[in-house]
Every structure is written in C-alpha cells, then in structure tokens.
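From first to last, the protein sequence lines are chains E and X. Residues 1412 to 1473, numbered by this note's numbering, are exactly what the first sequence covers, in order. Residues 138 to 363, numbered by this note's numbering, are exactly what the second sequence covers, in order. Ideal placement from N, C-alpha and C gives every residue a C-beta, glycine not left out.
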Amino acid sequence: MSKDMTNVQKLQAANILPTPSRLSPSDEELINNLDPDEVNALVDVKAQLGDDFIQRNTSLIL
Amino acid sequence: MSHSARLRAKIELVAPGMHRAIEAFWAHPRMPEIFPEFLYTTYCVGRTTVPLLETALATANARREADPVAACVADYCARHIPEERHHDEGVLEDLGVLGVSREAAMQRIPSPTMAALIGAQYYWVLNVHPVALLGYLEVLEGEPPLAEKLEEVIQRTGLPRKAFRTYFQHADVDRRHRDELRAAIDRMPLAREHENILAISAFQTVGLVRRIFEGLVGTGVQEKAI
C-alpha cells in the first residue's frame, strides 16, 4: 500500500471499511490517527468496520 | 482524551461485529440447547484469568525498576487477582445445574479459537509488554452484563435462574472492575507504543470473541460435546 494513503484509504483497500466509508468526521479522525501497527492489526484480524460500525450498535451482554 | 477513553474509542471501531454476534446468541431460538455451551465457554475463559494475571504480574515485576508502566501493571494485577479467584468454580456449579458434570467440563478440550484468545495474551505479555493484558480485560470487562437483560433471558427461555448465578454476580462486580481497570490505565505513564499494544491486544480479543459467539450460534447444528 502507498505510504501516501490515509488510514481510512488503507482500510478501504483491505476491504475492512466500505467505500464510500460514510464515517463521521470524528471517526475518520480517530482512524487516521491510528499508528501503522494498529492499522496492520485491524487488517490482520479482519476487523469488521462496515455498516455495523457506522450504525454503532452498542448493546452488549457478556 | 484519557488513555482509557482513547482505548475504548478504538475498541468501538471494531466492537459492533462482536455485539451483533453476542446479540444473535442471546436471541437464539434454541437458547436452552446452546446455553450449556456458552457456560462452558465462560468456564474456559474464567479458569485462565488468574493464571494470566499472575503471569503478567511476574513479568511486570521483573521489569518494574526500569519500567514505570510495568510497575503500574504489576500493582493492578496484584490488586485484581484476589477478585478473580474461584470464578471458574462458580461457572462449574452453574453448569451442574444444567446437568453438565464438572468432570466433563474440565476434561473437554477447548476450541483452537479459545486457545488463540488466551494464548495470544501469553504471547503479548511475555514477548511485548504486560500492559497488553489490560486491552484484553477492557474488552471482557468493559461492558458488564445487565441484570435486567439476564432476567429477560430467563423469562423468555425458561432456563433455571440458578444457572445464571455467576452472570448475576458479574452484573454486580464487573462495573467496579471496569472502573478500577480504567482508573489504573489512566494512572499509567503510557507512551505511544504502550497505547498501541493495548489497542492491538483489544482488536484481536474483539475478533476472537466475535468468532466464539458466531460458533456458539452455530452450535445447534454441530454435535454436542458436553
């Protein structure tokens, strides 16, 4: 991946984020401020940052 | 933004897929059939918590003189270990309510996904930094179960309340554990690399927990192991 790509673009290229991403500005800033190791980890674990992430389902029981 | 808030924000990037898998589990129409499998999974995680904390404690103590973050991790683990003791025994008792003997649970071989979930933490703690374990704990203890949700599941499924004893305890205790964990993270003089391994450990934990719950939902079509 090009070093010139933003983190959002890298995650889109890896199919971790949908294109277009429809991210809020604050989420886009959070992602673009992640370190390369963190971005690589998201790709490596095949993280799901699709529509679920954008809709922010926060109910959880564990 | 505090260290713990930043970690939580990163976890929220990846958590919805895990939330969806967990919700699918709790809404499963054959919950009475798959609930023992869930408790077994809980047992598998619970029995490793104290050994993991002890490993992190020993590793952190070994480097505490030269590493103030490790010193903070050691102090946190030392305080937290007594709180986690015997939780696995409680889950074995809950399984017993459902007719699963403790011998059957203890002798069964867990899934490779479970081994990956726990084994990863040993790797991070021993080879990168013991603070990694707190990323794992933030995922597992960061969103405690709600007692009213458990009540709803009991009403809907007819499962015996006694089988939820450990989970009701978690509904009470995990809120305090979560607050203590976040306070401990916020007291640490974390550098960028510490924040990175916290997040990476958490990302991996979210992914593996999601896979475990997806597997539980598929349990109905698999051969029962216990």
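On a CA-only basis, which of His314/X, Val187/X and Tyr304/X is nearest Glu275/X? Give me that one, please.
-> Looking up residue 275/X in the second sequence gives position 138. The candidate whose alpha carbon is nearest that of Glu275/X is His314/X.
Counted within 10 angstroms of its Cβ, other Cβ atoms place Glu1440/E as buried (16 or more) or exposed | Here the question's residue 1440/E lines up with position 29 in the first sequence. So Glu1440/E counts as exposed.
Could you tell me whether any Cβ in chain E is nearer than 7 Å to the Cβ of Phe172/X?
-> Counting from 1 along the second sequence, the entry for residue 172/X is found at position 35. Answer no: the Cβ-Cβ gap between Phe172/X and chain E never drops below 7 Å.
Under a CB-based cut-off of 7 Å, is Val151/X close to chain E?
-> Along the second sequence, read from residue 1 onward, the residue named residue 151/X stands at position 14. For Val151/X, the answer is yes, since a Cβ of chain E falls inside 7 Å of its Cβ.
Tell me, please, whether the CB atom of Val1454/E is closer than 7 Å to any CB atom in chain X?
-> For the purposes of this step, residue 1454/E is taken as the residue at position 43 of the first sequence. By this cut-off, Val1454/E is not an interface position.
Mark Glu278/X as exposed unless 16 or more other C-beta atoms lie within 10 angstroms of its C-beta, in which case mark it buried.
-> Here the question's residue 278/X lines up with position 141 in the second sequence. Classification of Glu278/X: buried, given that the 10 Å Cβ count is 16 or more.
Report yes if the C-beta distance between Glu174/X and Leu353/X is below 7 Å; otherwise report no.
-> Residue mapping note: residue 174/X aligns to position 37 of the second sequence, counting from 1. Residue mapping note: residue 353/X aligns to position 216 of the second sequence, counting from 1. Yes.
To the nearest angstrom, report how far apart Glu289/X and Glu191/X are at their CA atoms.
-> Mapped onto the second sequence, residue 289/X falls at position 152. Mapped onto the second sequence, residue 191/X falls at position 54. One C-alpha to the other measures close to 36 Å.
Does the separation of the CB atoms of Leu287/X and Phe301/X fall below 7 Å?
-> In the second sequence, residue 287/X corresponds to position 150, counting from 1. In the second sequence, residue 301/X corresponds to position 164, counting from 1. Taking 7 Å as the Cβ cut-off, Leu287/X and Phe301/X qualify as a contacting pair.
Could you check where the alpha helix (DSSP H) with Asp316/X kicks off and where it finishes?
-> For the purposes of this step, residue 316/X is identified with residue 179 of the second sequence, where counting begins at 1. Where Asp316/X is concerned, the enclosing alpha helix (DSSP H) stretches over Arg302 to Arg324.
Closer than 7 Å by beta-carbon distance: list the chain X residues that pair up with Asp1448/E, in chain order.
-> One-based indexing of the first sequence puts residue 1448/E at position 37. Here the neighbours are Asn333 and Ile337.
Could you tell me whether the Cβ of Leu1441/E comes closer than 7 Å to any Cβ of chain X?
-> As a position in the first sequence, residue 1441/E is number 30, starting the count at 1. Yes, its Cβ sits closer than 7 Å to a Cβ of chain X.
At which residue ranges does the stretch 200-280 of chain X contain complete alpha helix (DSSP H) runs of 4 or more residues, listed in the order of the chain?
-> 205-221, 224-234, 239-244, 249-264 and 269-278
Of the residues Arg216/X, Asn198/X, Cys209/X and Glu149/X, which one's Cα is nearest the Cα of Glu280/X?
-> Indexing the second sequence from 1 puts residue 280/X at position 143. Ranking Arg216/X, Asn198/X, Cys209/X and Glu149/X by Cα distance to Glu280/X puts Glu149/X first.
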